[in-house]
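One point on numbering: in full-length UniProt numbering, the residue at position 154 of the sequence shown is 154, and numbering is uninterrupted.
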Amino acid sequence: MNTLCFLPSLITDRIGSEKIISRIGIESPCISFNNEFRFDHFVMESQESQSISCALIDEAQFLTKSQVWQLCYIADYLNISVLTYGLRTDFQGNLFEGSKHLLAWADEIEEIKTVCFCGKNATMVVRLDQDGNAVTNGEQLDQAGSRYVSFCRKHYRESVQDGGLSTRAMFSVR
Ligand SMILES: [Zn+2]
Numbered sequence: 001m002n003t004l005c006f007l008p009s010l011i012t013d014r015i016g017s018e019k020i021i022s023r024i025g026i027e028s029p030c031i032s033f034n035n036e037f038r039f040d041h042f043v044m045e046s047q048e049s050q051s052i053s054c055a056l057i058d059e060a061q062f063l064t065k066s067q068v069w070q071l072c073y074i075a076d077y078l079n080i081s082v083l084t085y086g087l088r089t090d091f092q093g094n095l096f097e098g099s100k101h102l103l104a105w106a107d108e109i110e111e112i113k114t115v116c117f118c119g120k121n122a123t124m125v126v127r128l129d130q131d132g133n134a135v136t137n138g139e140q141l142d143q144a145g146s147r148y149v150s151f152c153r154k155h156y157r158e159s160v161q162d163g164g165l166s167t168r169a170m171f172s173v174r
């Protein structure tokens, strides 16, 4: 199936190439988008020269509300399947704008399970500083160099309380 793949420019700028690369090494060229990018216009223009079966957006948490609505248009009026993949919440436990509207309007939602070090379902993401301490304040979009760890709710709470318990310590007490 002919699929158009998209990735936010803040990710493609960071990795220095316009490619989606999976953890098992498969990669595909992609189209980079910023907040002003019009998915509906782009797909309609692309359709003039090729048949498109599917649009895939990775890191979809960074979509704007307006862009999610454009993706709904593509599904409803152009009859093209739209698949998105992204994080539900940021490092402070708040919904990303893109994820919020995808959760509200998607036809199907599938949770891809991630496991905390304790074995429970990891629904939260902790941002770590260079010393391995949890970061509790800051912009939703981070500076390059931050690391992220997936935690269950309980270990998220313990990692961010009192200004950030060392996650290294948490790993060591497992
Ligand atoms: Zn846990």
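No residue lacks a Cβ here, since even glycine has one placed at the ideal position from N, Cα and C.
* Using the beta-carbon count (16 or more within 10 Å), is leucine 71 buried or exposed? -> Within the sequence shown, the letter at position 71 stands for residue 71. It counts as buried.
* **Check whether alanine 55 and leucine 4 have beta carbons under 8 angstroms apart** => As a position in the sequence shown, residue 55 is number 55, starting the count at 1. As a position in the sequence shown, residue 4 is number 4, starting the count at 1. Between alanine 55 and leucine 4, the C-beta spacing is below 8 angstroms.
* Out of Gly25, His41, Ile20, Gly138, point me to the one whose CA is closest to serine 66's CA. => Here residue 66 refers to the residue found at position 66 of the sequence shown. Of the candidates Gly25, His41, Ile20, Gly138, the residue whose Cα lies closest to the Cα of serine 66 is His41.
* Hey, out of Gly25, Ile20, Ile24, whose CA is closest to phenylalanine 33's CA? -> Position 33 of the sequence shown, counted from the first residue, corresponds to residue 33. Checking every option, the nearest Cα to that of phenylalanine 33 belongs to Ile20.
* Going along the chain, which residues of its own chain have a beta-carbon closer than 7 angstroms to the beta-carbon of serine 172, five neighbours each way excluded? -> Here residue 172 corresponds to residue number 172 of the sequence shown, with the count starting at 1. Low confidence applies to serine 172: its pLDDT is 48, below 50, so where it sits in the model is not reliable enough to give any reading.
* Asked: Should proline 29 be labelled buried (16 or more other beta-carbon atoms within 10 Å of its own) or exposed?
  -> To locate residue 29, count along the sequence shown from 1; it is residue 29. When all chains shown are included, proline 29 counts as exposed.
* Enumerated in chain order, which unbroken segments of the alpha helix (DSSP H) with a length of 4 residues or greater are wholly contained in the region 89–139? -> Contiguous alpha helix (DSSP H) elements confined to the region 89–139 occur at 97–105, taking only those with 4 or more residues.
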